[in-house]
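Chemist: Chains as they are written, first to last, in my numbering: chain A, 1 to 381; chain B, 1001 to 1361; chain C, 2001 to 2180; chain D, 3001 to 3173.
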């Protein structure tokens, strides 16, 4: 069809699959459709997608290997750099896993602060996703409107944790510093603003006919497929798979809180979209339950300066904004882990992309990637 | 009416002076040169104004300040951008068809220039009062698609090719409903000449005296015009989230600037045509028998009326762009073939009935 | 030599050069673009003769319609970027002879035809006149040819739709796509 | 766009199709207008603008006191700091950002006492994780609220935190 200038990453495989009339285009690693350095080799038939092959590794930093040379206090900061949009939650998982090995009971105040931070992070992540999702579909304005609320969360984080993106606030034994005196007031202000402004998204995004037509019936991922691809988080809950770690394996006192696990049965992009919108409201609900009930006390348990984990294997999973995040630590009894392994949600969710995208149009691929909410450093680590 | 110095007066003075000084051939040549210089000047001004307008509109919609560094309130930002584009290297990719690659932006800009000819900018101020003005515009604007197809193919880039194919399908389809909504007005006025169309609205703009059918035609025209100029929500040819930049992915420097300029000038032209057909061109706004009000309206120069209406439509198109998400290619064609075209055909029947029965004012 | 003549020769040059290039170019896409310029040149002639309506129709039909279709079909063909093979010498000679014969025929007609100069200024047709002529059922009206052409186009359109329509069961379903 | 029957579908469904068709058109137009009303609101309400004009508001801009910009060592007016040279920060740092170079001072009693010669801080390696601050037993170092760290040469990012000629504060062990 065209003068052959294709750069095919994996030549043999692609040439074997290439038929007459196939049109191979590369999306990424530098491309506005990918929110990071993901490389997709897309085989097209006209505008219709025949195959999508993700090529990974452009931002691989071997974080797991790096962690093996760092002590149990030090390695947590690296995990903020994986899924940088839910860095608190990543830190939380690591801290929980280390605490499991240390067998310390952390104070109630620290627990509540951690949950509050997690939920704020979740809202911030979903806000960014919502804007980026709309931008993938060609609407620029929602991006700036959602950033207005996200900015408030970032300000809260900056005041309490001292950073806006990679906080390194949750440490083994509790949290690094006590919350800032303004914290409660600011969070209440945020909740007020958020609930008054989230309706605007219905006007310019959710209710828009073009948007609905771009989302409904697009990127179908059936319940069975979602399970077999190992999808978690909103991507799986959009297909009706109940997989909220906060509900099925509660940690840190989530079992005492009143909130719903959001499930949609649409299996399409719109279901995954609605999941995230409704999850933000559940996060607000959790924050409202906790913000006035932060118990007094220490923000950190008394721990030794140098943490040593007993010999053994420890695993902890949490629910990040994208799905289930797991930390697996093998300890030989020293100050550094012998082996560490992260189960990142983005990697499994990405694997479903090819299945979802086949047979749909090129424009919808971007929407599907949007609804999977891929964060590339999370996939590559 | 008590006209002050209007554009037509100025042009008449220049014309008389030239005729008195030179022989007719030289007069014609000099007038052509003046017209050419004016068009190029208008292009430059339009490019500068529309770019800064787009950026400010988008900024305010997006709760931002927008450009605010260069000049007062950032008003000279687009000049700085132009200088940047001028001094940038114009790259030609190695595998490109160099002749066609360099020709495509020129065609885009020449087509935009040709489209300027029959537009009535003010009372008695028109470069070429061609008696088939409307047909001329739809004919010449159909050449626009060639430049996009050419750019897309000659770039030797797959994104460009996809963008060009999309754009071709899109423009060819939307020309139909744009044409049909223009024909609605042509039926009501019984003329294809812009001048006569404007004069037919002396007792009221068509959008007011044409009832609902003309309103529908106007809405369809605006939608089709947005699609024909490749602007969001119909910017599939560029679709930056899917195709990087579509047909002009490989263009840089001045060649890109020409495409960019042509896009904005085309927006201006379709809005000018919309203003002429539906909003009375340079006709001032009159309300029935309010003599005082009408005289005040008459006192505003006709060129201001024309520009005001045109820029209102341009603002409308920009408002669309910063509100709506982009359509998918099949939805785009569905919208045209399943909605706009049947509706405008039915609407055309209504308009014809209205014109025959004389139901309009 | 007046300005009008200069414009005529310029248009003729554009038309002829691009026509020759359209035939001789070995890149099919470029040939289509040269053809486009030929057609634009012809439209320019109509404008030059002040037959604005025909000029506009020429541009709409040939430039906006036919050339776009040609370019589309080039896009959809395999190896559009390749150079076309060189024609055999015999074929070239035959083509040249055919071109010469038709050129001679046209020239013969033109020489034998006696052009009469009229002082009639009403040659510039108004739109109303064209419309009335088009729909007139009198002897020199064009209602019947107009309708015949419309029916022909309608038939062509229906034929296109029938060809383009695939029965539902031959459409590739989800399973087929997955197996690929 | 509509999920109704195709236009050429059964005649019986034709009327329902037409109703659905018109409904689709109206709901589409309505949803568009709702969106345009919202963006139009923001276009006309400039008070909602939230952007800051960053380099212009340097004077009025306040970062929160916990903001982690870079590690600094506060000195009092007598040019004294609180660092004992215990290297706890160096050990706590995951990246080797801090290097403590020690020397031995002679105290007035004639005893040798360990003190810092230089506390070298590599800003280019620092990830602002705050672990050194937490690890410091004598609160000698803290985070500063600076953030404009760009320089033309990366060697300028290697800093010595203690002032030349500074001494340890009395009473800090």
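A virtual CB, placed ideally from N, CA and C, is assigned to each residue, including glycine.
Going by the beta-carbon positions, is the gap between residue 1133(B) and residue 1238(B) smaller than 8 Å?
Modeler: Numbered from its first residue, the second chain carries residue 1133(B) at position 133. Numbered from its first residue, the second chain carries residue 1238(B) at position 238. Not a contact, by the Cβ cut-off of 8 Å.
Chemist: Helix, strand or coil: how does DSSP classify residue 1091(B) here?
Modeler: Taking the first residue of the second chain as position 1, residue 1091(B) is located at position 91. Residue 1091(B) falls in the coil class under three-state DSSP.
Chemist: What residue does the alpha helix (DSSP H) around residue 1298(B) start on, and which one ends it?
Modeler: Counted from its first residue, the second chain places residue 1298(B) at position 298. Residue 1298(B) -> alpha helix (DSSP H) spans 1291-1299.
Chemist: For a contact defined as C-beta to C-beta under 8 Å, what are the partners of residue 180(A) on chain D?
Modeler: For the purposes of this step, residue 180(A) is identified with residue 180 of the first chain, where counting begins at 1. The contacting residues are 3064 and 3066.
Chemist: Please report the straight-line C-alpha distance between residue 2047(C) and residue 1117(B), rounded to a whole angstrom.
Modeler: Reading the third chain from its first residue, position 47 is the one you call residue 2047(C). Reading the second chain from its first residue, position 117 is the one you call residue 1117(B). Going from the Cα of residue 2047(C) to the Cα of residue 1117(B) covers about 14 Å.
Chemist: Give a yes or no on whether the C-beta atoms belonging to residue 1217(B) and residue 1347(B) are separated by under 8 Å.
Modeler: Counted from its first residue, the second chain places residue 1217(B) at position 217. Counted from its first residue, the second chain places residue 1347(B) at position 347. Contact: yes.
Chemist: Please determine, among 269(A), 330(A) and 83(A), the residue with the shortest C-alpha to C-alpha distance to residue 352(A).
Modeler: Here residue 352(A) refers to the residue found at position 352 of the first chain. Here the closest residue by C-alpha is 269(A).
Chemist: Select from the region 1173-1205 of chain B all residues with a C-beta closer than 8 Å to any C-beta belonging to chain C, and list them in chain order.
Modeler: Per Cβ criterion, the list reads 1175, 1190, 1191 and 1192.
Chemist: Rounding to the nearest angstrom, what Cα-Cα distance links residue 1258(B) and residue 1265(B) in this structure?
Modeler: For the purposes of this step, residue 1258(B) is identified with residue 258 of the second chain, where counting begins at 1. For the purposes of this step, residue 1265(B) is identified with residue 265 of the second chain, where counting begins at 1. Near 10 Å, if we compare the C-alpha coordinates of residue 1265(B) and residue 1258(B).
Chemist: Measure how close the beta-carbons of residue 119(A) and residue 277(A) come, nearest whole angstrom, since I'm counting them as under 8 Å.
Modeler: Taking the first chain and counting its residues from 1, the one referred to as residue 119(A) is at position 119. Taking the first chain and counting its residues from 1, the one referred to as residue 277(A) is at position 277. Residue 119(A) to residue 277(A), Cβ: 15 Å. No contact.
Chemist: Just to confirm my understanding: we take residue 1111(B), look at its own chain, exclude 5 residues before and 5 after, and list those with CB closer than 8 Å. What are they?
Modeler: Taking the first residue of the second chain as 1, we reach residue 1111(B) at position 111. Excluding sequence neighbours, residue 1111(B) sits near 1140, 1141, 1143, 1144, 1147 and 1262.
Chemist: Could one say the Cβ of residue 1057(B) lies closer than 8 Å to chain D's Cβ atoms, at least one of them?
Modeler: In the second chain, counting from the first residue as 1, residue 1057(B) sits at position 57. Yes, residue 1057(B) lies at the interface with chain D (some Cβ there is under 8 Å from its Cβ).
Chemist: Is it buried or exposed, residue 349(A), if we count other Cβ atoms within 10 angstroms and call 16 or more buried?
Modeler: Numbered from 1 along the first chain, position 349 holds the residue referred to as residue 349(A). Counting Cβ neighbours within 10 Å, residue 349(A) comes out buried, since at least 16 surround it.
Chemist: Using a Cβ-Cβ distance cut-off of 8 Å, determine whether residue 3043(D) contacts chain B.
Modeler: Walking along the fourth chain from the start, residue 3043(D) turns up at place 43. Closer than 8 Å: yes.
Chemist: Identify which residue in 1149(B), 1204(B), 1225(B) and 1212(B) has its Cα closest to the Cα of residue 941(B).
Modeler: The requested residue 941(B) is not part of the displayed model; chain B covers only 1001 to 1361.
Chemist: Specify, as a first and last residue, the run of the beta strand (DSSP E) that residue 313(A) falls within.
Modeler: Here residue 313(A) refers to the residue found at position 313 of the first chain. Unbroken beta strand (DSSP E) run through residue 313(A): 312-319.
Chemist: Select from the region 55-71 of chain A all residues with a C-beta closer than 7 Å to any C-beta belonging to chain D, and list them in chain order.
Modeler: Those residues of the region 55-71 of chain A that come within reach of chain D (Cβ to Cβ, closer than 7 Å) are 70.
Chemist: If you follow the alpha helix (DSSP H) that residue 118(A) is part of, which residue opens it and which one closes it?
Modeler: Position 118 of the first chain, counting from 1, holds the residue named residue 118(A). Note, residue 118(A): alpha helix (DSSP H), 108-136.
Chemist: What does the alpha-carbon distance come out to for the pair residue 27(A) and residue 3118(D)?
Modeler: The count along the first chain starts at 1 and reaches residue 27(A) at position 27. The count along the fourth chain starts at 1 and reaches residue 3118(D) at position 118. If I take the Cα positions, the gap works out to 50 Å.
Chemist: Could you name the residues of chain A that residue 3138(D) contacts, counting a contact when the two beta carbons are closer than 7 Å?
Modeler: Start at 1 with the first residue of the fourth chain, and residue 3138(D) comes out as number 138. The premise fails here: residue 3138(D) is roughly 14 Å from chain A at the closest Cβ pair, so nothing lies under 7 Å.
Chemist: Could you name the residues that DSSP lists as bridge partners for residue 154(A)?
Modeler: Position 154 of the first chain holds residue 154(A). DSSP lists no partner for residue 154(A).
Chemist: Just curious, the alpha helix (DSSP H) that residue 99(A) is in, first and last residue?
Modeler: Position 99 of the first chain, counted from the start, is the residue given in the question as residue 99(A). Start and end: 87-102.
Chemist: With DSSP run on the structure shown, which of helix, strand or coil describes residue 2133(C)?
Modeler: Here residue 2133(C) is taken as the residue at index 133 of the third chain, counted from 1. If DSSP states are grouped into helix, strand and coil, residue 2133(C) belongs with the helices.
Chemist: Three or more C-beta pairs closer than 8 Å, one from the region 296-312 of chain A and one from the region 41-49 of chain A: is that the case here?
Modeler: At 8 Å Cβ cutoff, the stretches do not touch.
Chemist: With a threshold of 8 Å between beta carbons, is residue 3040(D) in contact with chain A?
Modeler: By one-based count along the fourth chain, residue 3040(D) stands at place 40. No, its Cβ sits nowhere closer than 8 Å to a Cβ of chain A.
Chemist: Specify, as a first and last residue, the run of the alpha helix (DSSP H) that residue 2069(C) falls within.
Modeler: For the purposes of this step, residue 2069(C) is taken as the residue at position 69 of the third chain. Segment 2068-2075, the alpha helix (DSSP H) holding residue 2069(C).
Chemist: Look at the alpha carbon of residue 131(A) and the alpha carbon of residue 3145(D), and state the distance between them as a whole number of angstroms.
Modeler: Residue numbering aside, residue 131(A) sits at position 131 when the first chain is read from its first letter. Residue numbering aside, residue 3145(D) sits at position 145 when the fourth chain is read from its first letter. So the alpha carbons of these two residues sit roughly 30 Å apart.
Chemist: At least one CB of chain B closer than 8 Å to the CB of residue 3061(D): is that the case?
Modeler: Locating residue 3061(D) in the fourth chain gives position 61, counting from the first residue. Chain B contact via Cβ: absent.
Chemist: In three-state DSSP terms, what is residue 2092(C)?
Modeler: In the third chain, the residue the question calls residue 2092(C) occupies position 92. Note: residue 2092(C) maps to helix in three-state DSSP.
Chemist: Strictly under 8 Å for the Cβ-Cβ distance: is residue 195(A) near chain B by that measure?
Modeler: Stepping through the first chain from its first residue, residue 195(A) is reached at position 195. Not an interface residue.
Chemist: Which chain D residues sit within Cβ distance under 7 Å of residue 1061(B)?
Modeler: Here the question's residue 1061(B) lines up with position 61 in the second chain. Neighbours of residue 1061(B) on chain D, chain order: 3039, 3042 and 3043.
Chemist: If you measure beta-carbon to beta-carbon, which residues of the region 1310-1341 of chain B are closer than 8 Å to chain D?
Modeler: Listed by position, the residues of the region 1310-1341 of chain B near chain D (Cβ gap below 8 Å) are 1319, 1320, 1322, 1323, 1324, 1331, 1334, 1335, 1338 and 1339.
Chemist: If residue 1250(B) and residue 1020(B) are in contact, beta carbons under 8 Å, what's the gap, nearest whole angstrom?
Modeler: Here residue 1250(B) refers to the residue found at position 250 of the second chain. Here residue 1020(B) refers to the residue found at position 20 of the second chain. Rounded, the Cβ-Cβ distance is 52 Å, inconsistent with contact.
Chemist: Any beta carbon of chain B sitting closer than 8 Å to that of residue 3016(D)?
Modeler: By one-based count along the fourth chain, residue 3016(D) stands at place 16. It does not: the Cβ of residue 3016(D) has no partner Cβ on chain B nearer than 8 Å.
Chemist: Grab the span of the alpha helix (DSSP H) containing residue 2008(C) for me, first residue to last.
Modeler: Mapped onto the third chain, residue 2008(C) falls at position 8. Residues 2003-2024.
Chemist: Measuring only the C-alpha atoms, how far is residue 3003(D) from residue 2075(C)?
Modeler: For this step, residue 3003(D) is matched to residue 3 along the fourth chain. For this step, residue 2075(C) is matched to residue 75 along the third chain. Bear in mind that the predicted position of residue 3003(D) carries a pLDDT of just 47, short of 50, making it unreliable; the figure below should be weighed with that in mind. One C-alpha to the other measures close to 33 Å.
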